[in-house]
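Q: Structure provided below as structure tokens; questions to follow.
In this note's numbering, the protein residues as written are 28 to 320.
Next up, the structure:
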């Protein structure tokens, strides 16, 4: 098992070197390189040259940190063909960067437009057909997650889409903070993990509240029925995820993939947030205190 940290708490006000140093200081050997303006940002062409790649490799080596995965988010499932083509162009560059970093894993979201699911699926398949040869040429694996407001929100549908490609190197990311979207408000984490089975390769740890609770009034949005999607990435214990069941199921499955601290809610106090979340992960998965995995 690889225990990783998503440094989104540090993405806005901390440079790349200090971010990597912070990951090491917080007790991680692995970093999940999520979107940040000075590297690869949401929906944009990567702002990365050979020198920055060289610098990042040195930062990681000096800090004793390895990159577990690179996480770009692009609109590769957009029903708008021009937008889709731009996303594929951006993805190609992201794959090149990942290869130059010596990293063999990328993870991402389905994106698209949930109000146009059939068109989004067709766009996604077209993008994957264009990108799969490059993934295979560079020897890079891909883990995918369904995400609130994507054209795929349900866990079952994400698994089916991954199976449709029938590639050993395409697996599932399970984001705990999305559990109440994965089955329309039930949040049955054990069932989700059972459904995934051997496709499960990556688990993102964070808590959230059930947006369907309180007669649908957990979050009061005006005007009613406005097209908005809300969830959180909180410390374990601050929301309504059944972490006891989650950890028990992962132990039963002998899960041996990547587990990432995916809490984003506390950029003003990331050390405290990490202390809470890392303690939960270590205790829940029986990882010895002080062991850097």
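No residue lacks a Cβ here, since even glycine has one placed at the ideal position from N, Cα and C. For clarity, every value in this text was computed on a predicted model and none was experimentally measured.
1) For residue 183, I'd like the list of residues in its chain whose CB is within less than 7 Å of its CB, leaving aside the five on either flank, ordered along the chain.
2) For the alpha helix (DSSP H) that residue 190 lies in, which residues bound it at each end?
3) Pick out whichever of 131, 180, 136 and 148 has its Cα sitting closest to the Cα of residue 107.
4) Taking 8 Å as the cut-off, does the stretch 236–247 touch the stretch 295–309 (at least 3 CB pairs, one atom from each stretch)?
5) Helix, strand or coil for residue 117? Go by DSSP, reduced to three states.
6) Taking the beta carbon of residue 78 as the centre, do at least 16 other beta carbons fall within 10 Å, making it buried, or is it exposed?
7) Over what stretch of residues does the alpha helix (DSSP H) that includes residue 80 continue unbroken?
8) Which residues share a DSSP beta bridge with residue 57?
9) Whole angstroms are fine: how far does the CA of residue 284 sit from the CA of residue 28?
10) May I ask you to list the residues that DSSP assigns as paired with residue 202?
11) Have a look at residue 280 and residue 131 and give me their C-alpha separation to the nearest angstrom.
12) Please state if the CB of residue 239 and the CB of residue 207 are separated by a distance shorter than 9 Å.
13) Need the endpoints of the alpha helix (DSSP H) that residue 221 sits in, please.
14) Could you please give the first and the last residue of the uninterrupted alpha helix (DSSP H) stretch that includes residue 301?
15) Starting from the Cα of residue 94, find the closest Cα among 117, 30 and 138 and give me that residue.
16) Identify, in the order they occur along the chain, each residue of the same chain with its Cβ nearer than 7 Å to the Cβ of residue 236, setting aside the five sequence neighbours on each side.
A: Taking the geometry as given:
1) Against the chain shown, residue 183 aligns to sequence position 156. Around residue 183: 222.
2) Numbered from 1 along the chain shown, position 163 holds the residue referred to as residue 190. Its alpha helix (DSSP H) spans residues 182–192.
3) As a first step, residue 107 is located in the chain shown; it is residue number 80 there, counting from the start. The residue with the shortest Cα to Cα distance from residue 107 is 148.
4) no
5) Here residue 117 refers to the residue found at position 90 when the chain shown is read from its first residue. In this structure, residue 117 counts as helix in the three-state DSSP scheme.
6) Here residue 78 refers to the residue found at position 51 of the chain shown. The residue is exposed, with fewer than 16 neighbouring Cβ atoms inside 10 Å.
7) Position 53 of the chain shown, counted from the start, is the residue given in the question as residue 80. Where residue 80 is concerned, the enclosing alpha helix (DSSP H) stretches over 77–90.
8) Looking up residue 57 in the chain shown gives position 30. Looking at the DSSP assignment, residue 57 forms a beta bridge with 31 and 93.
9) Taking the chain shown and counting its residues from 1, the one referred to as residue 28 is at position 1. Taking the chain shown and counting its residues from 1, the one referred to as residue 284 is at position 257. Near 5 Å, if we compare the C-alpha coordinates of residue 284 and residue 28.
10) Taking the chain shown and counting its residues from 1, one reaches residue 202 at position 175. Paired residue(s): 231.
11) In the chain shown, counting from the first residue as 1, residue 280 sits at position 253. In the chain shown, counting from the first residue as 1, residue 131 sits at position 104. Rounded to whole angstroms, residue 280 to residue 131 spans 24 Å at the Cα level.
12) Taking the first residue of the chain shown as position 1, residue 207 is located at position 180. Taking the first residue of the chain shown as position 1, residue 239 is located at position 212. The answer is yes: Cβ separation under 9 Å.
13) Position 194 of the chain shown, counting from 1, holds the residue named residue 221. Run containing residue 221: 216–223, per the alpha helix (DSSP H) assignment.
14) Along the chain shown, read from residue 1 onward, the residue named residue 301 stands at position 274. Looking at the DSSP string, the run of the alpha helix (DSSP H) that includes residue 301 is 297–311.
15) As a position in the chain shown, residue 94 is number 67, starting the count at 1. Among 117, 30 and 138, the Cα nearest to that of residue 94 belongs to 30.
16) Translated into the one-based positions of the chain shown, residue 236 becomes position 209. Counting only Cβ-Cβ distances below 7 Å, and skipping sequence neighbours, we find 245, 259, 266 and 267.
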